[in-house]
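In the UniProt record's numbering, the protein residues as written are 1 to 996. Quick notes on the structure that follows.
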């Protein structure tokens with residue numbers, strides 16, 4: 001139990017105030033008597049649990065000993081007082097801190113050492129004084145180091161495990177560990193130094209982004225608000241760790257140099273470069289840039305080294321070191337470098353630093369000559385790779401001439417490169433010929449020729465498609481004259497003269513195009529039917545974590561060596577680069593979705609920030625368990641009921657766990673209007689009856705690989721390395737079976753007919769009723785366009801498996817047209833005959849992107865009209881007939897009555913050029929139909945619809961001045977969310993206040 005839990009039985013402060021001056025006066029003549037007098041009072045205060053009085057007495061006793069110069073008695077009393085029965089912990093802490101302050105006042109070193117040993121004895125094994133023990137031990141270690149006993153200093157300091165000290169500040173911990181590493185390096189204990197250095201988190205040393213004036217102003221206002229409310233405003237200290245960062249990476253560079261880990265040394269210097277102190281000092285900047293170049297050149301060749309080499313070469317700051325940049329450029333071009341010329345041109349400059357030494361024994365660094373030899377080796381290896389690139393066979397004599405080597409050295413270097421699988425080579429010694437060509441059989445040669453031809457034809461088709469696109473974009477410009485397009489002669493997938501929208505003033509792409517860049521034969525309709533290929537791709541994902549292999553297999557992409565496609569999104573990446581990051585798993589904080597990363601502390605911490613606006617002083621949570629991830633992904637499995645799965649997910653969540661926060665977030669945002677039974681989607685009993693949704697399976701694997709079990713409601717702007725590839729192949733957001741089924745039911749059943757309906761209609765026995773104007777196709781009513789009204793009619797619709805039974809009771813039709821009554825006739829208290837079911841609503845997919853949602857909705861049997869300006873380039877396009885225009889242009893050209901026959905679908909709508917949601921605002925303003933469905937973020941992070949802090953979809957549709965009262969939300973369901981995201985599906989229908 002903590003000392004603070006004890007309530008003093010008696011307050012001895014008056015007695016202490018009275019006896020302390022008396023004891024001080026007595027100590028001048030009889031120190032022992034003064035101590036005995038205070039000891040009696042100390043016992044009384046201790047037994048009464050009077051912490052304040054006990055602390056004052058203990059401090060007074062040791063102070064009297066120090067003032068009297070009796071250091072031996074001070075040591076004795078310190079030990080005795082700390083061992084008293086029931087001694088209060090905080091009193092011991094204050095006494096130890098007081099004695100520590102006396103260390104600088106000790107007359108001799110021997111006395112100082114005796115006091116230190118006393119303090120180490122008192123603090124041994126006591127957690128409440130672990131920080132004081134660490135500080136005293138550091139002083140003792142420094143003394144031993146000054147005396148030249150380096151081994152004793154190292155042993156004393158390294159016995160401390162400061163990383164486990166909870167009461168020590170983080171900066172002080174890092175300083176202690178750095179001191180331990182420094183002593184180990186001086187001792188030459190390189191292994192122990194490496195082990196200790198790994199106790200320091202590089203995230204703590206990472207460069208913190210500067211706060212914007214807006215952030216500073218916001219924080220100042222919050223502090224002022226708390227101060228006015230009478231709350232305590234904690235002082236925010238900006239902890240500058242630049243000195244620790246530079247010291248840490250200097251030690252890491254020393255370790256890397258000793259072990260000849262050149263690539264690690266290069267990375268450490270790049271971290272040093274990423275500090276203001278270095279960037280603002282031209283001399284330091286040049287020195288660091290030089291060493292970055294030196295060590296990346298010295299690093300053995302592999303994919304990582306090659307990639308980093310070219311990234312360093314593109315750094316514009318290299319202009320500060322032109323000579324070194326010139327050497328770096330030689331390694332980036334596929335040209336031979338003659339070592340004698342390199343040595344002559346760059347040798348004097350390189351050897352002027354401590355990194356290189358052209359002769360052994362001339363430098364203080366014993367490894368400098370070894371690095372010079374390694375530089376020669378890297379030049380030779382570069383030359384061998386260049387020769388292997390341009391030659392299939394070469395005479396040994398000619399090769400030795402090109403490499404400036406003897407035959408024995410040539411064989412040695414070629415053998416090393418072959419062993420490391422950098423090049424393929426076979427040496428024919430009798431013929432003195434080196435063969436660099438890898439033998440291939442006839443199948444390989446034919447396959448390469450076939451692939452090259454396909455690539456050429458695909459490139460031609462791509463150029464043709466882009467030219468056609470530019471022509472069409474030019475036609476739709478204001479004032480452009482439209483020319484009638486001629487049907488293509490090579491088998492168009494879509495014939496314009498038969499398309500229902502052909503008379504509208506924009507065009508559908510009429511040229512044949514490639515569904516997938518890299519595989520012209522890819523056909524989405526056939527791909528989703530290929531169950532075996534899908535199963536094999538899933539095995540690569542789930543058993544081998546081979547994301548690259550699964551993507552290549554599913555889409556039929558070429559092999560890595562022949563695929564140079566770059567995925568442009570938040571970052572520009574290639575498939576091999578993404579796969580290399582996948583293989584890192586959660587290292588370097590890649591999976592820190594809940595551990596305090598991100599803009600304000602990560603998903604987990606955001607729950608606390610919403611309440612306190614300050615990070616909690618708690619450790620980051622462990623990654624979610626496999627079962628939690630599995631339960632989250634099963635929320636979107638077609639074989640499970642969404643509502644039942646969510647209840648199970650909530651009920652099995654432990655209190656204050658990540659899963660409980662995810663469940664709270666999902667349940668708080670899920671909403672289904674009770675008047676629409678078609679929104680409740682049951683589980684699919686036979687999965688063979690629904691189309692394959694490959695994106696859902698890739699997403700499920702990504703959750704397992706990224707250790708993600710769902711959003712907790714934070715507004716982090718985080719992304720992940722898989723997203724660029726998945727966006728290019730499938731789109732921005734994953735359609736779930738529930739979302740697709742909701743859209744299908746709304747399209748088949750409508751919202752109580754065509755036109756404005758009352759969403760607050762009564763329900764009985766799973767039947768939904770709505771009264772109001774009913775606009776639909778009423779052939780029996782007389783008019784083909786179906787525009788009329790059924791005044792006072794009540795239409796009851798039973799949504800069951802996509803079928804609708806429409807009947808009318810007490811239905812009167814006066815000079816109008818409506819379902820359930822024949823025009824011109826009056827019926828009263830009679831049940832009318834069932835009328836034909838109206839045609840399904842069409843889905844107007846505006847901003848369709850690569851068309852994956854439209855493709856899936858068509859697989860569900862719906863008719864979709866995809867509209868997109870196609871300003872973005874996708875690797876995969878799922879549909880061939882996207883309208884190349886803007887959404888507002890399409891809606892303006894569509895006859896207004898036909899708006900009622902379309903559901904407006906916005907999948908991940910952009911925020912618009914102003915970031916204020918102009919894209920969404922203009923579409924909703926122009927749309928005169930009755931149903932709007934939006935698929936986007938539901939945590940206000942500014943990804944979709946409206947910019948960050950500029951409102952949400954609900955605020956615009958339900959509360960904005962231009963839309964308030966016109967719409968009512970009938971559904972909001974979560975969608976499969978990628979790591980760091982929080983996505984949902986919103987459904988809005990026109991209410992009674994809407995336009996008729």
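Each residue gets a CB set at the ideal place from its N, CA and C atoms; glycine is no exception.
First and last residue of the uninterrupted beta strand (DSSP E) at residue i
i           : result
residue 974 : 967 to 974
residue 988 : 983 to 990
residue 426 : 426 to 428
residue 865 : 864 to 868
residue 842 : 842 to 846
residue 395 : 393 to 395
Assumed close pair residue i, residue j - CB separation to whole angstroms, cut-off 8 Å
i           : j           : result
residue 869 : residue 888 : Actually they do not touch by this definition, with Cβ atoms about 11 Å apart.
residue 974 : residue 670 : 6 Å
residue 298 : residue 378 : 6 Å
residue 638 : residue 687 : 6 Å
residue 630 : residue 645 : Wrong, their Cβ atoms sit about 11 Å apart, outside the cutoff.
Local conformation of residue i per DSSP, three classes
i            : result
residue 574  : coil
residue 542  : helix
residue 709  : coil
residue 173  : helix
residue 506  : Reliability of the predicted coordinates at residue 506 is poor, the pLDDT of 49 falling under 50, and no value is obtained from them.
residue 903  : strand
residue 248  : helix
residue 162  : helix
residue 517  : coil
residue 803  : Low per-residue confidence applies at residue 803: pLDDT is 34, beneath 50, and the placement is therefore not dependable, though the value from the model is reported in the following sentence. Three-state DSSP puts residue 803 in a strand.
residue 1000 : This structure does not reach residue 1000, given that the chain is present from 1 up to 996, and the question cannot be answered.
residue 61   : helix
residue 935  : strand
residue 435  : strand
residue 892  : helix
residue 672  : strand
residue 612  : The predicted position of residue 612 is uncertain, since its pLDDT is 45 and thus under 50; a value taken from the coordinates is nonetheless stated next. In this structure, residue 612 counts as helix in the three-state DSSP scheme.
residue 998  : The chain is shown only over 1 to 996; residue 998 falls outside these bounds and no answer can be derived.
residue 294  : helix
residue 310  : helix
residue 567  : strand
Short Cβ contact (8 Å threshold) for residue i with residue j
i           : j           : result
residue 120 : residue 137 : yes
residue 61  : residue 31  : no
residue 387 : residue 402 : yes
residue 956 : residue 911 : no
residue 34  : residue 64  : yes
residue 122 : residue 79  : yes
residue 427 : residue 414 : yes
residue 732 : residue 632 : no
residue 244 : residue 174 : yes
residue 555 : residue 578 : no
residue 665 : residue 623 : no
residue 969 : residue 954 : yes
Extent of the continuous alpha helix (DSSP H) to which residue i belongs
i           : result
residue 729 : 723 to 729
residue 215 : 213 to 228
residue 279 : 276 to 279
residue 856 : 852 to 859
residue 77  : 71 to 82
residue 941 : Careful: residue 941 lies outside any alpha helix (DSSP H) and carries neither H nor E.
Short CB-CB distance (under 8 Å) between residue i and chain D
i           : result
residue 969 : In the structure shown, chain D does not exist; there is a single protein chain.
(message) For the structure I just gave you, are there three or more beta carbon pairs, one from the stretch 692 to 707 and one from the stretch 951 to 964, closer than 8 Å?
(response) no
(request) Would you check if there are 3 or more beta carbon pairs closer than 8 Å linking the stretch 322 to 337 to the stretch 259 to 271? (result) no
(message) I'd like to know if the stretch 735 to 747 and the stretch 519 to 527 are in contact, where contact means that at least 3 CB-CB pairs between them fall below 8 Å.
(response) no
(message) When you compare the stretch 171 to 186 with the stretch 237 to 256, are there three or more beta-carbon pairs, one atom per stretch, that lie closer than 8 Å?
(response) yes
(message) Measuring CB atoms only, is the stretch 86 to 94 touching the stretch 125 to 141, in the sense that at least three cross pairs come out at less than 8 Å?
(response) yes
(message) If contact is defined by three or more beta carbon pairs under 8 Å, each pair taking one atom from either stretch, is the stretch 354 to 370 in contact with the stretch 300 to 307?
(response) no
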